[in-house]
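**Student:** Using my numbering, you'd call the opening residue of the sequence shown number 24 and step up by one each time.
Structure incoming, see below.
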Amino acid sequence: MPVVDAHQHFWNLETGSYPWLTPEAGPIHRTFEPAELIPQLAAAGVDRTVLVQSMDSYADTDAMLAQADAHPFIGAVVGWVPLDRPDEAAAALERYRRHPRFAGVRHLIHDEPDPDWVVRDSVIEGLGLLAAAGLPFDVVAVLPRHLEHVPVLAERVPGLRMVIDHLAKPPIAEKGWEPWASLLARAAECPGVYAKVSGLNTAAVTGAGTGAGTETWTGADLRPYVEHAIEVFGPDRLMFGSDWPVALLAGDYAKVWRETGVALAGLSDAGRAAVLGGTATRFYRIQETS
Numbered sequence: 024m025p026v027v028d029a030h031q032h033f034w035n036l037e038t039g040s041y042p043w044l045t046p047e048a049g050p051i052h053r054t055f056e057p058a059e060l061i062p063q064l065a066a067a068g069v070d071r072t073v074l075v076q077s078m079d080s081y082a083d084t085d086a087m088l089a090q091a092d093a094h095p096f097i098g099a100v101v102g103w104v105p106l107d108r109p110d111e112a113a114a115a116l117e118r119y120r121r122h123p124r125f126a127g128v129r130h131l132i133h134d135e136p137d138p139d140w141v142v143r144d145s146v147i148e149g150l151g152l153l154a155a156a157g158l159p160f161d162v163v164a165v166l167p168r169h170l171e172h173v174p175v176l177a178e179r180v181p182g183l184r185m186v187i188d189h190l191a192k193p194p195i196a197e198k199g200w201e202p203w204a205s206l207l208a209r210a211a212e213c214p215g216v217y218a219k220v221s222g223l224n225t226a227a228v229t230g231a232g233t234g235a236g237t238e239t240w241t242g243a244d245l246r247p248y249v250e251h252a253i254e255v256f257g258p259d260r261l262m263f264g265s266d267w268p269v270a271l272l273a274g275d276y277a278k279v280w281r282e283t284g285v286a287l288a289g290l291s292d293a294g295r296a297a298v299l300g301g302t303a304t305r306f307y308r309i310q311e312t313s
């Protein structure tokens, strides 16, 4: 079973538009492309990745699919279609599904002014298109409200597989617990919902990207939150992701890989294999050769 990083990004500031990526983003306000990631994957022993959209645009999705064509280590691409415009989304999905590594859809719901955007009737209709196509939805649940919506989506869109990015950003830096823990457990009661053990390093520090204390976090800080996720989801519905290059706001690829291993130390070999590759391979239907 290949080792899979189920959440990473690329972006090119010269050829693409990423309005959220301002100079205030510090170390990640620059171009990141495959050549920079490849040696870091090799050092960690990671075989394949899931390349995830960074902007709600066709241009970003098209660029990712072109990168997947050029780089076999990209096992799957999570792109974007306008879910709130179902007719347009249907046409876009028809085009994108022709690509063998187009494997899912994400929308930056946390950037929408309306925290209830994802449960609008038009979006529910768009998500129904994903369910009908067998494509999963990546949920960027940054606010508790976003996590509350996951069981609602599971009920309103039967058959839709979902994965919660970054364990819904638990309050690690504040050493908080609720309402995150209860909301995550409620989401996990839905059998078609999965979660990513990703993006936790930036949740573990305050002032990520400023250089102030951002290297002090350890796997021990992450472990209570990861173990709660293991308890409510089980390893067969959890998958590791680096969130590179966003991870550079609080560390680097090697540290994220190493300390995630510390946080997963309580798992059996089989459980660890699931989180580090098996779950993502099944969820995104990553082929051995693409």
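Heads up, the beta-carbon is just placed ideally off N, CA and C, and yes, glycines get one too.
Using 8 angstroms as the cut-off, can you tell me whether the segment 260-273 makes contact with the segment 45-55, which would need three or more C-beta pairs spanning the two stretches below that distance?
**Tutor:** Output reads yes: the segment 45-55 touches the segment 260-273.
**Student:** If you draw a straight line from the C-alpha of GLY68 to the C-alpha of ASP144, how long is it?
**Tutor:** Indexing the sequence shown from 1 puts residue 68 at position 45. Indexing the sequence shown from 1 puts residue 144 at position 121. Cα-Cα distance, rounded: 43 angstroms.
**Student:** Leaving aside the five residues before and after GLU56 along the sequence, list all residues of the same chain whose C-beta is less than 7 angstroms from its C-beta, in chain order.
**Tutor:** Stepping through the sequence shown from its first residue, residue 56 is reached at position 33. So the qualifying residues of the chain are PHE33 and ASN35.
**Student:** Which of the three DSSP states, helix, strand or coil, is assigned to TRP203?
**Tutor:** The residue labelled residue 203 in the question sits at position 180 within the sequence shown. The answer is helix: DSSP assigns TRP203 an H, G or I state.
**Student:** From ALA112 to ALA155, what does the alpha carbon distance come to, in whole angstroms?
**Tutor:** Position 89 of the sequence shown holds residue 112. Position 132 of the sequence shown holds residue 155. So the alpha carbons of these two residues sit roughly 13 angstroms apart.
**Student:** Could you tell me which whole alpha helix (DSSP H) segments of length 4 or greater appear in the segment 213-291?
**Tutor:** The qualifying runs are 223-226, 242-256 and 276-286.
**Student:** Taking buried to mean at least 16 other C-beta atoms within 10 Å of its own C-beta, is GLU282 buried or exposed?
**Tutor:** Within the sequence shown, residue 282 is the residue found at index 259, counting from 1. That one is buried.
**Student:** Could you name the residues that DSSP lists as bridge partners for GLY127?
**Tutor:** What you label residue 127 is simply residue 104 of the sequence shown in a count that begins at 1. Beta-bridge pairing links GLY127 to VAL101.
**Student:** With VAL216 and MET262 assumed to form a contact (beta carbons below 8 angstroms), what rounded beta-carbon distance in angstroms separates them?
**Tutor:** Looking up residue 216 in the sequence shown gives position 193. Looking up residue 262 in the sequence shown gives position 239. About 12 angstroms separates the two Cβ atoms, so there is no contact after all.
**Student:** Helix, strand or coil, according to DSSP, for ILE187 in the structure here?
**Tutor:** Counting from one through the sequence shown, the residue named residue 187 turns up at place 164. Note: ILE187 maps to strand in three-state DSSP.
**Student:** Bridge partners for GLN76 per DSSP, in chain order?
**Tutor:** Position 53 of the sequence shown, counted from the first residue, corresponds to residue 76. BP columns for GLN76 are empty, so no partner.
**Student:** In three-state DSSP terms, what is HIS32?
**Tutor:** Within the sequence shown, numbered from 1, the residue matching residue 32 stands at position 9. Coil at HIS32, not helix or strand.
**Student:** What is the DSSP secondary structure of VAL180, counted as helix, strand or coil?
**Tutor:** As a first step, residue 180 is located in the sequence shown; it is residue number 157 there, counting from the start. Three-state result, VAL180: coil.
**Student:** Given 8 angstroms as the limit, is there contact between the segment 209-226 and the segment 245-260, that is, 3 or more CB pairs closer than that?
**Tutor:** Counting Cβ pairs under 8 angstroms, three or more are found: they touch.
**Student:** In the structure shown, what three-state DSSP assignment does ASP137 receive?
**Tutor:** In the sequence shown, residue 137 corresponds to position 114, counting from 1. Correct three-state label for ASP137: coil.
**Student:** Pull up the distance between the alpha-carbon of ASP17 and that of LEU150, whole angstroms please.
**Tutor:** In the structure as shown, the chain begins at 24 and stops at 313. Residue 17 is therefore absent and cannot be evaluated.
**Student:** Consider the Cβ of ASP107: report whether some Cβ of chain B lies at a distance smaller than 8 angstroms.
**Tutor:** Absent from the structure: chain B. Only one protein chain is present.
**Student:** Among PHE96, ARG71, LEU64 and GLY102, which one has its Cα closest to the Cα of SER80?
**Tutor:** Within the sequence shown, residue 80 is the residue found at index 57, counting from 1. Comparing Cα positions, the closest option is GLY102.
**Student:** Output the distance between the C-alpha atoms of ASP110 and PHE306, rounded to the nearest integer angstrom.
**Tutor:** Locating residue 110 in the sequence shown gives position 87, where the first residue counts as 1. Locating residue 306 in the sequence shown gives position 283, where the first residue counts as 1. The straight-line gap from Cα to Cα measures roughly 26 angstroms.
**Student:** Between ALA91 and the rest of its own chain, which residues show a CB-CB distance below 7 angstroms, the 5 nearest in sequence each way excluded?
**Tutor:** Locating residue 91 in the sequence shown gives position 68, counting from the first residue. Around ALA91: LEU74, ILE97, VAL100 and ARG124.
**Student:** Given THR38, which residues of its chain have a CB within under 8 angstroms of its CB, disregarding the five upstream and five downstream residues?
**Tutor:** Here residue 38 is taken as the residue at index 15 of the sequence shown, counted from 1. For THR38, where only same-chain residues beyond five positions count, the Cβ hits under 8 angstroms are ALA86.
**Student:** Between TYR41 and MET78, how many whole angstroms is the CB-CB distance? I'm expecting something under 8 angstroms.
**Tutor:** Working through the sequence shown from its first residue, we reach residue 41 at position 18. Working through the sequence shown from its first residue, we reach residue 78 at position 55. Yes, they are in contact, since the Cβ atoms of TYR41 and MET78 sit about 5 angstroms apart, within 8 angstroms.
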